[in-house]
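Residue numbers (my numbering), protein chains in the order written: chain A, 279 to 539; chain B, 6 to 413.
Glycine included, C-beta positions come from ideal geometry on N, C-alpha and C.
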Amino acid sequence: MSRISDRFDRLRRDRRTGLVTYITAGDPSLAQSAAILKTLDATGVDVLEVGVPFSDPLADGPVIQRATERALASGTTLDGVLQMVADIRPDIAAPIVLFSYANPIMRMGLAQFTARAAEAGVDGVLTLDVPPEEGREWHQAFTQAGIDMIFLLSPTTSTERMRKAAHLGRGFLYGISRLGVTGARTDISDAAAELARRVREVTDLPLVLGFGVSTPEHMQALGRMADAAVVGSALVQVIAEQGTDGDPAAAAATYVRWLRG
Amino acid sequence: MSAVWFGRRDPDARGYFGDFGGRFVPETLVAPIESLEAEYFEARRDPAFAAELDRLFRHYVGRPTPLWDARRFGDPCGQLRVLLKREDLTHTGAHKINNALGQALLAVRMGKGRIVAETGAGQHGVASATACALLGLECVVYMGTEDMRRQALNVFRMRLLGATVVGVDSGSCTLKDAINEAMRDWVARPHDTHYLLGSALGPHPYPLMVREFQSVIGREARQQCLDQTGQLPDVVVACVGGGSNAMGIFDAFIDDAQVQLVGVEAGGETIAAGRHAARFAGGAAGILQGTRTWVLQDAHGNVEATHSVSAGLDYAAIGPEHASLHASGRARYEYAGDSDALEAFQTLARTEGIIPALESAHAFAYLLKGAHGLAPGTTVLVNLSGRGDKDVQSVAALLPEGHHVAHQ
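Here it is in structure tokens:
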């Protein structure tokens, strides 16, 4: 059983809502990202999502776009992200999921990427611009390497396509609770409840809901509908506010503890 | 336009032309794109849709556009016979209007009242704003702030036409970044918004749909060549940014194996990272903005900055059907640099009394630079994709003092 499935099994057994965190690797530097991930793990985060910066992040809102620009400016590459994950893996208990756009992976080559990711101890990969229809070749490569391929679901996803994602996907499904690009919101929409209900009819794969979480109230609201909630842009913003001289790891841990209430 | 011209050379069911194309989009966009595909396939089978587009082409755009036998320009090109397809004479002054009207009609048919579009040189933005004004649609145009500076006149034109122009200051502040921003807008409002993509790029069905709306160019030109010269041209040349004017004119000739097809990319200052936009000269296969194609990128898969004197060619990827024509060898791709394009811009003006868009000037520059072994008398059809009024100010700033009179 994968590290991801194991973690979600435990959450269900304990009747606890999981917390998934997203950070952009290399913002402000890979060394800082390593420190942030270790600290988040120590606070008991259930899944660590690590964003691979890409020059054209068209599914991301302004907060992650800016983080991406800072990460690229600090010289971060997919190669460097894999190296960083390999370095911290022995010290981290939580599963690690890479968030990437297709092109950096294609450039490295699917076979080389999956081999290196597996070796580094990456547990899952979510490629934002590879929907299930384009995912066959990817799915094969990930399966061979023993890496979970994770798919997104949105309120516009048809039930038929949810089945496809549930069939190809491993580990968990990532539900986007609102339309639009990534970014913190002030409320959690009813669309999240509706999406969760529709997903549950199709599969019992773990479901995490994201896009918009920024308060403990959001966490609780999403927790009633899904196995875990994702905090992304709000956490990236907390890290950004530390600048290059602050202590982003400590700030991130404080923020995550507050979120969990 | 007759419905018989639609559906002649479709990509496969997943939107691939050979190894290129597809639909690499964030999940939220899959449903609106699937619905767009279904609506487009239905519309192109509907004679009433084709008839309405044909009516607009004739009476609003001014089609058919003329084919001009450019005798004086042919001389400095090594005595070639150069025929100009005058897309610069369309309403709004560039081929972009063909596709903008087609997609705007489709939006009306889909019941979507809001259009978002990206623009580089501003010509597609102007065409979209025009189509929206005509059909009563709300129009939001995303444009890189660097392009807004280079094409200030077109920004004003779009606003006059009632469009909202939104500056994009991320990345390189050019066409690629405007496309990212238009897609982000569409992701947030797929229910009431149609994304009117301006080139033969992006996820399926855009490359097919844009090519089919632009194919009127080649269809007219092929018949005009036969009528005016009694034969098909030996060579067809067009500039290639995303590649819609080139696909539009190539399309009618693809089955004419004896006709050479040449696309001319922007060579910029020199073929080095960040200083050009010649994808086949400096790029590699990759995935950008929804499609698998040739992309200018670094060793880590990040998209490289591009440069061209012409905003409309200043883009890091090329339409997937061009990548397929390149792979099969059916079309050949060359490039022309900034200074050669500026020279051609002036040469066409002086020899024919026609000021071309800087984009189109790249196609003329290719012919002026030695004719590439073409024998005198060879007939070359060139797509004069747009007029150069929008570029006059920036060309004036670029030419050394007195340079433009030195040839008198």
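Compare the C-beta of Glu495/A against all C-beta atoms of chain B and say whether one is closer than 8 Å. Position 217 of the first sequence holds residue 495/A. Output row for Glu495/A: interface = no.
Pro306/A to Arg19/B, Cα distance in whole Å? Within the first sequence, residue 306/A is the residue found at index 28, counting from 1. Within the second sequence, residue 19/B is the residue found at index 14, counting from 1. For Pro306/A and Arg19/B, the distance between alpha carbons rounds to 39 Å.
If contact is defined by three or more beta carbon pairs under 8 Å, each pair taking one atom from either stretch, is the segment 256-273 of chain B in contact with the segment 301-308 of chain B? no
Below 7 Å on C-beta distance, what does Ile342/A contact in chain B? Taking the first residue of the first sequence as 1, we reach residue 342/A at position 64. The premise fails here: Ile342/A is roughly 11 Å from chain B at the closest Cβ pair, so nothing lies under 7 Å.
Spatial neighbours of Ala474/A in its chain, beta-carbon cut-off 8 Å, leaving aside the 5 residues before and after: Position 196 of the first sequence, counting from 1, holds the residue named residue 474/A. Excluding positions up to five away in sequence, the list reads Gly453, Leu485, Leu487, Met503 and Ala504.
N-terminal and C-terminal residue of the beta strand (DSSP E) that Cys244/B is part of: Numbered from its first residue, the second sequence carries residue 244/B at position 239. Val240 to Cys244 is the span of the beta strand (DSSP E), which, as asked, contains Cys244/B.
Less than 6 Å between C-beta atoms, sequence neighbours within five positions excluded: which residues of the same chain meet that for Gly149/B? Here the question's residue 149/B lines up with position 144 in the second sequence. So the list reads Val173, Cys178, Thr179, Asp182 and Ala183, once near-sequence residues are dropped.
Enumerate in chain order the residues of its own chain whose CB-to-CB distance from Val477/A is below 7 Å, with the five nearest sequence positions on each side excluded. Taking the first sequence and counting its residues from 1, one reaches residue 477/A at position 199. Taken in chain order, the residues that qualify are Leu431, Met440, Leu451, Gly453 and Leu485.
Closest to Ala337/A by CA distance: which of Asp357/A, Tyr379/A, Leu318/A and Ala351/A is it? In the first sequence, the residue the question calls residue 337/A occupies position 59. It is Tyr379/A.
Are there three or more Cβ pairs, one per stretch, closer than 8 Å when the segment 249-269 of chain B is compared with the segment 395-403 of chain B? no
Would you decide whether Gly296/A is buried or exposed? Buried here means 16 or more other CB atoms lie within 10 Å of its CB. For the purposes of this step, residue 296/A is taken as residue 18 along the first sequence, with counting starting at 1. With 16 or more Cβ atoms within 10 Å of its Cβ, Gly296/A is classed as buried.
Interface residues of chain B facing Met440/A [CB-CB closer than 8 Å]: Taking the first residue of the first sequence as 1, we reach residue 440/A at position 162. Result: empty, since nearest Cβ-Cβ is about 10 Å, beyond 8 Å.
Applying a beta-carbon distance threshold of less than 9 Å, which residues of chain B neighbour Ile454/A? Taking the first residue of the first sequence as position 1, residue 454/A is located at position 176. Near Ile454/A (Cβ distances below 9 Å), the residues of chain B are Pro31, Glu32 and Thr33.
Limits of the unbroken alpha helix (DSSP H) element including Gln265/B: Counting from 1 along the second sequence, the entry for residue 265/B is found at position 260. From DSSP, Gln265/B is part of no alpha helix (DSSP H) but of the beta strand (DSSP E) over Gln265 to Gly273.
Using a Cβ cut-off of 8 Å (strictly closer), state whether Asp525/A contacts chain B. Locating residue 525/A in the first sequence gives position 247, counting from the first residue. So no, Asp525/A is outside the interface.
Rounding to the nearest angstrom, what Cα-Cα distance links Gln236/B and Leu386/B in this structure? On the second sequence, position 231 is the one that residue 236/B refers to. On the second sequence, position 381 is the one that residue 386/B refers to. The straight-line gap from Cα to Cα measures roughly 12 Å.
Nearest-angstrom Cα distance between Leu500/A and Val323/A? Looking up residue 500/A in the first sequence gives position 222. Looking up residue 323/A in the first sequence gives position 45. If I take the Cα positions, the gap works out to 16 Å.
List in chain order: all unbroken beta strand (DSSP E) runs of 3+ residues lying wholly within the segment 138-170 of chain B. 143-149
Give me the chain B residues within the contact set of Met362/A, using Cβ-Cβ distance strictly less than 9 Å, ordered along the chain. As a first step, residue 362/A must be located in the first sequence, where it is residue number 84. The contacting residues do not exist; Met362/A stays about 14 Å from chain B at best.
When DSSP labels each residue in this structure, what does Ser204/B get in the three-state scheme? Sequence index remark: in the second sequence, residue 204/B carries index 199 (1-based). Coil.
Whole angstroms is fine: what's the gap from Cys144/B's alpha carbon to Ser133/B's? As a position in the second sequence, residue 144/B is number 139, starting the count at 1. As a position in the second sequence, residue 133/B is number 128, starting the count at 1. Going from the Cα of Cys144/B to the Cα of Ser133/B covers about 7 Å.
Are the C-beta atoms of Ile120/B and some chain A residue less than 8 Å apart? One-based indexing of the second sequence puts residue 120/B at position 115. Output row for Ile120/B: interface = no.
Met427/A, enclosing beta strand (DSSP E) - first and last residue: Within the first sequence, numbered from 1, the residue matching residue 427/A stands at position 149. Its beta strand (DSSP E) spans residues Asp426 to Ile428.
Would you give the residue range spanned by the beta strand (DSSP E) that Tyr452/A belongs to? Against the first sequence, residue 452/A aligns to sequence position 174. Element bounds for Tyr452/A: Leu451 to Ile454.
Proximal chain B residues relative to Val298/A, where beta-carbon distance stays under 7 Å: For the purposes of this step, residue 298/A is taken as the residue at position 20 of the first sequence. Residues of chain B passing the Cβ test: none, with the nearest at roughly 17 Å.
Taking CB distances under 8 Å as the criterion, tell me whether Leu376/A reaches chain B. Position 98 of the first sequence holds residue 376/A. So no, Leu376/A is outside the interface.
Tell me which residues of the segment 405-426 of chain A have at least one Cβ-Cβ distance to chain B shorter than 7 Å, keeping chain order. Leu406, Asp407, Val408, Pro409, Glu411 and Glu412
Does DSSP classify Asn250/B as helix, strand or coil? One-based indexing of the second sequence puts residue 250/B at position 245. Correct three-state label for Asn250/B: helix.
Looking at the C-beta of Gly287/B, does it have a partner C-beta in chain A at a distance below 8 Å? Indexing the second sequence from 1 puts residue 287/B at position 282. No, Gly287/B lies away from the interface with chain A (no Cβ there is under 8 Å from its Cβ).
Assign Arg297/B to buried or exposed, taking buried as 16 or more other Cβ atoms, counted over all protein chains shown, within 10 Å of its Cβ. In the second sequence, the residue the question calls residue 297/B occupies position 292. Per the 10 Å Cβ criterion, buried.
Proximity test, Cβ basis, 8 Å: Met6/B and chain A: Counting from one through the second sequence, the residue named residue 6/B turns up at place 1. Caution is warranted here: a pLDDT of 47 is assigned to Met6/B, below 50, making its placement in the model unreliable, and no coordinate value can be reported.
Near Arg155/B, what residues of its chain come up, given a Cβ to Cβ distance below 7 Å and the 5 sequence neighbours on each side ignored? For the purposes of this step, residue 155/B is taken as residue 150 along the second sequence, with counting starting at 1. So the list reads Ala316 and Ser399, once near-sequence residues are dropped.
Let me know the secondary structure DSSP gives Leu213/B once reduced to three states. For the purposes of this step, residue 213/B is taken as residue 208 along the second sequence, with counting starting at 1. Residue state, collapsed to three classes: helix.
Determine which residues of the segment 321-348 of chain A have a Cβ less than 7 Å from any Cβ of chain C, and write them out in chain order. Looking for chain C here will not work: the only protein chains present are A and B.
Can you list, in chain order, the residues of its chain with a C-beta nearer than 6 Å to that of Ile282/A? Leave out the 5 residues immediately preceding and following it. Walking along the first sequence from the start, residue 282/A turns up at place 4. Once the five neighbours on either side are set aside, the close Cβ partners of Ile282/A are Pro373, Asp401, Gly402, Asp426 and Gly449.
Based on the DSSP output, what are the partners of Thr532/A in its beta bridges? Taking the first residue of the first sequence as position 1, residue 532/A is located at position 254. The partner list for Thr532/A (beta bridge, DSSP) is empty, contrary to what the question assumes.
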